[in-house]
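Undergrad: Residue numbering for the sequence shown is 1 to 375, as defined by full-length UniProt numbering. Glycine included, each C-beta is placed from N, C-alpha and C at the ideal position. Only a predicted model underlies this, so the values are computations on that prediction, with no experimental measurement involved.
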Amino acid sequence: MDNLADVIIIGGGIMGNSTAYYLAKKGCSVIVLEKSDSIGNGGSSRNGGGVRQSGRDKRELPLAMYGVKNLWPALSEELEMDIEYYQEGNLRLGKTDRHINILNGLTERAASLGLDVKMINGSEAKVITPYLSDEVIGASWCPTDGHANPMLATLAYYRKARRLGVRFFTGEEVIEIRKIKGKAKQVVTTSNIYEGDTIILAAGYESRQIAATIGLDIPMTKALLEVLVTEAQPPMFYQMLGTADADFYGHQSTHGSFVFGGSSGFEDTNKDNGKPVTNSLTASCICRGIMKYFPCLSDAKIVRTWAGWIDVCADHVPVISHVEEVPGLILACAFSGHGFGISPTVGTLLSQMATDEKTVLDISDFRYNRFKAKI
Numbered sequence: 001m002d003n004l005a006d007v008i009i010i011g012g013g014i015m016g017n018s019t020a021y022y023l024a025k026k027g028c029s030v031i032v033l034e035k036s037d038s039i040g041n042g043g044s045s046r047n048g049g050g051v052r053q054s055g056r057d058k059r060e061l062p063l064a065m066y067g068v069k070n071l072w073p074a075l076s077e078e079l080e081m082d083i084e085y086y087q088e089g090n091l092r093l094g095k096t097d098r099h100i101n102i103l104n105g106l107t108e109r110a111a112s113l114g115l116d117v118k119m120i121n122g123s124e125a126k127v128i129t130p131y132l133s134d135e136v137i138g139a140s141w142c143p144t145d146g147h148a149n150p151m152l153a154t155l156a157y158y159r160k161a162r163r164l165g166v167r168f169f170t171g172e173e174v175i176e177i178r179k180i181k182g183k184a185k186q187v188v189t190t191s192n193i194y195e196g197d198t199i200i201l202a203a204g205y206e207s208r209q210i211a212a213t214i215g216l217d218i219p220m221t222k223a224l225l226e227v228l229v230t231e232a233q234p235p236m237f238y239q240m241l242g243t244a245d246a247d248f249y250g251h252q253s254t255h256g257s258f259v260f261g262g263s264s265g266f267e268d269t270n271k272d273n274g275k276p277v278t279n280s281l282t283a284s285c286i287c288r289g290i291m292k293y294f295p296c297l298s299d300a301k302i303v304r305t306w307a308g309w310i311d312v313c314a315d316h317v318p319v320i321s322h323v324e325e326v327p328g329l330i331l332a333c334a335f336s337g338h339g340f341g342i343s344p345t346v347g348t349l350l351s352q353m354a355t356d357e358k359t360v361l362d363i364s365d366f367r368y369n370r371f372k373a374k375i
């Protein structure tokens, strides 16, 4: 009986944990399987923590807007743990005319869908964040964007889900999903077999290999991104930051340290043996970008860096979908580095999909069969 549940979730990151929590609230029995020995050991604890609406694909934007309006503001209270959520806005910065053209396009598309976002000049940006370099000539500004602590948010969902009876099994590497009488029913690991009425596959890039065991191919690749953390600084600004060229992104944490992410373009040259290891070039590359925008951080010491895989979809939009040819299976993967900020919304949607409820948002843009050849 320990291996039976209404829903089996593959993947113990924030998607799996949030879904488990919302399902448990509905009274479902849930098992979560995680390959690692630690919950949240993938991208959920290796990201910049952005809770942003601006800069998203138009298909993804409603998910982000729903979460910011309905879920994130009360999440610390609901989960009974401070997840360090700040809603202080998002500045996406530009230093050249080309940057401004990029930001104008992003802003116009988002504003046309109802998001409160606008372009501002360099002087207006410095009113919001006085520490900016004089090189910044403009920015997009979304006052309702923000950031949270991804490790704490993942942990908070996990703890609350456990209190509601969700069973978590770590060190369980999934090797196969099996059908019984034409329906996805069993999850086979290296040491056990688990059975449920619904199986939710939310294992990041590893979802592709697992889905292949049941005849599905999710068109995604993996990419390595790195994050660095500085020593604690005096409180300076709590906006989420980014740039038109994606030199870096990040924010100041409650602790006072700055958390910045980015890439150098040389990640694939590392001999990583399949593990997400940092590249000696990346931190310095990110730092050079940061100093062009925030010279005041030039002397801040880097405490540590770490790396993680993101699952990049062919069209950079996630797959959140039932699968017509595999009843009983729900896919939730290929988030392309955009997943953390929409995780409460996705968890809500997945819990509704698994219980045959009408979803609060239209998810047709995320269907698996959008990749089928058109005849």
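(1) Classify Thr-154 as buried or exposed, calling it buried when 16 or more other Cβ atoms lie within 10 Å of its own Cβ.
(2) DSSP has Cys-313 in a bridge; who is on the other side?
(3) Could you pull out every residue in the same chain whose Cβ sits closer than 7 Å to the Cβ of Thr-278, ignoring the five residues on either side in sequence?
(4) Kindly indicate if chain C contains any beta-carbon less than 8 Å away from that of Gly-265.
(5) Kindly indicate the opening and closing residues of the alpha helix (DSSP H) around Asn-101.
(6) So if DSSP puts Met-119 in a beta bridge, which residue, or which two residues, is it bridged to?
(7) Taking all protein chains shown into account, do 16 or more other C-beta atoms lie within 10 angstroms of the C-beta of His-255, making it buried, or fewer, making it exposed?
(8) Which runs of the beta strand (DSSP E) at least 3 residues long sit entirely within the stretch 12-63? Give them in chain order.
(9) Where does Val-323 sit, in a helix, a strand or coil, going by DSSP?
(10) Would you check if the distance between the CB atom of Val-303 and the CB atom of Val-229 is smaller than 8 Å?
(11) For the alpha helix (DSSP H) that contains Phe-335, what are its first and last residues?
(12) Could you compute how far the alpha carbon of Ser-351 sits from the alpha carbon of Lys-69?
(13) To the nearest angstrom, how far is the alpha carbon of Ser-24 from that of Gln-239?
(14) Under 8 Å, do Met-15 and Gly-347 count as touching if we go by C-beta distance?
(15) Return the CA-CA distance between Val-32 and Ile-100, expressed in angstroms with no decimal places.
(16) Please list the terminal residues of the continuous alpha helix (DSSP H) segment that includes Met-151.
(17) What span of residues does the beta strand (DSSP E) with Leu-93 cover, start to end?
(18) Mapping DSSP to helix, strand and coil, what is Ile-363?
(19) Runs of 3 residues minimum, wholly inside the stretch 208-260: which ones carry the beta strand (DSSP E) assignment?
(20) Provide the residue(s) that pair with Trp-306 in DSSP beta bridges, ordered along the chain.
(21) Under the rule that 16 or more other beta-carbon atoms within 10 Å means buried, what is Thr-113, buried or exposed?
(22) Would you mind working out which of Ser-54, Gly-48, Ala-373, Val-319 sits nearest Ala-92, comparing C-alpha positions?
(23) Within 10 angstroms of its Cβ, does Lys-252 collect 16 or more other Cβ (buried), or is it exposed?
(24) Along the beta strand (DSSP E) that carries Arg-178, what are the first and last residues, could you check?
(25) Starting from Glu-195, follow the beta strand (DSSP E) in both directions and report where the run begins and ends.
(26) Taking the C-alpha atoms as reference points, what is the distance between Ile-9 and Met-236?
(27) Would you check if there are 3 or more beta carbon pairs closer than 8 Å linking the stretch 198-212 to the stretch 56-70?
TA: Concretely, from the data shown:
(1) Within the sequence shown, the letter at position 154 stands for residue 154. Its Cβ being crowded by 16 or more others within 10 Å, Thr-154 is buried.
(2) Counted from its first residue, the sequence shown places residue 313 at position 313. In DSSP, Cys-313 forms a bridge with Met-220.
(3) As a first step, residue 278 is located in the sequence shown; it is residue number 278 there, counting from the start. Glu-226, Thr-305, Trp-306, Ala-307.
(4) Protein chains in the displayed structure number just one, and chain C is not present.
(5) Here residue 101 refers to the residue found at position 101 of the sequence shown. 97-112 is the span of the alpha helix (DSSP H), which, as asked, contains Asn-101.
(6) As a position in the sequence shown, residue 119 is number 119, starting the count at 1. The partner list for Met-119 (beta bridge, DSSP) reads Ser-140.
(7) Counted from its first residue, the sequence shown places residue 255 at position 255. Answer is exposed; the Cβ neighbour count stays below 16.
(8) The stretch 12-63 contains these whole beta strand (DSSP E) runs: 30-34.
(9) Position 323 of the sequence shown, counting from 1, holds the residue named residue 323. The answer is coil: DSSP assigns Val-323 none of H, G, I, E or B.
(10) As a working note, residue 303 is residue 303 in the sequence shown. As a working note, residue 229 is residue 229 in the sequence shown. A contact, by the Cβ cut-off of 8 Å.
(11) Your numbering for residue 335 matches position 335 in the sequence shown. First-last for Phe-335: undefined, no H or E at that position.
(12) For the purposes of this step, residue 351 is taken as residue 351 along the sequence shown, with counting starting at 1. For the purposes of this step, residue 69 is taken as residue 69 along the sequence shown, with counting starting at 1. For Ser-351 and Lys-69, the gap between their C-alpha atoms comes out near 19 Å.
(13) Within the sequence shown, residue 24 is the residue found at index 24, counting from 1. Within the sequence shown, residue 239 is the residue found at index 239, counting from 1. Checking the sequence shown, residue 24 turns out to be Ala, not Ser. Roughly 34 Å between the two C-alpha positions.
(14) For the purposes of this step, residue 15 is taken as residue 15 along the sequence shown, with counting starting at 1. For the purposes of this step, residue 347 is taken as residue 347 along the sequence shown, with counting starting at 1. Yes; because the gap between Cβ atoms is below 8 Å, this pair is in contact.
(15) Against the sequence shown, residue 32 aligns to sequence position 32. Against the sequence shown, residue 100 aligns to sequence position 100. Approximately 45 Å between the Cα atoms of the pair.
(16) Stepping through the sequence shown from its first residue, residue 151 is reached at position 151. Where Met-151 is concerned, the enclosing alpha helix (DSSP H) stretches over 150-163.
(17) The residue labelled residue 93 in the question sits at position 93 within the sequence shown. Start and end: 90-94.
(18) Here residue 363 is taken as the residue at index 363 of the sequence shown, counted from 1. Of the three classes helix, strand and coil, the one that applies to Ile-363 here is coil, per DSSP.
(19) 220-230, 240-243, 249-252
(20) Within the sequence shown, numbered from 1, the residue matching residue 306 stands at position 306. DSSP lists Val-227 as partners of Trp-306.
(21) Position 113 of the sequence shown, counted from the start, is the residue given in the question as residue 113. Checking the sequence shown, residue 113 turns out to be Leu, not Thr. Exposed is the call here.
(22) Mapped onto the sequence shown, residue 92 falls at position 92. Checking the sequence, you will find Arg at residue 92 rather than Ala. Comparing Cα-Cα distances from Arg-92 to each of Ser-54, Gly-48, Ala-373, Val-319, the minimum goes to Ser-54.
(23) As a position in the sequence shown, residue 252 is number 252, starting the count at 1. Here the sequence assigns Gln to residue 252, which means Lys is not the residue at that position. Burial call: buried.
(24) To locate residue 178, count along the sequence shown from 1; it is residue 178. From DSSP, the beta strand (DSSP E) with Arg-178 extends over 174-180.
(25) As a position in the sequence shown, residue 195 is number 195, starting the count at 1. 193-201 is the extent of the beta strand (DSSP E) around Glu-195.
(26) In the sequence shown, the residue the question calls residue 9 occupies position 9. In the sequence shown, the residue the question calls residue 236 occupies position 236. Cα to Cα, the separation comes out at about 40 Å.
(27) no
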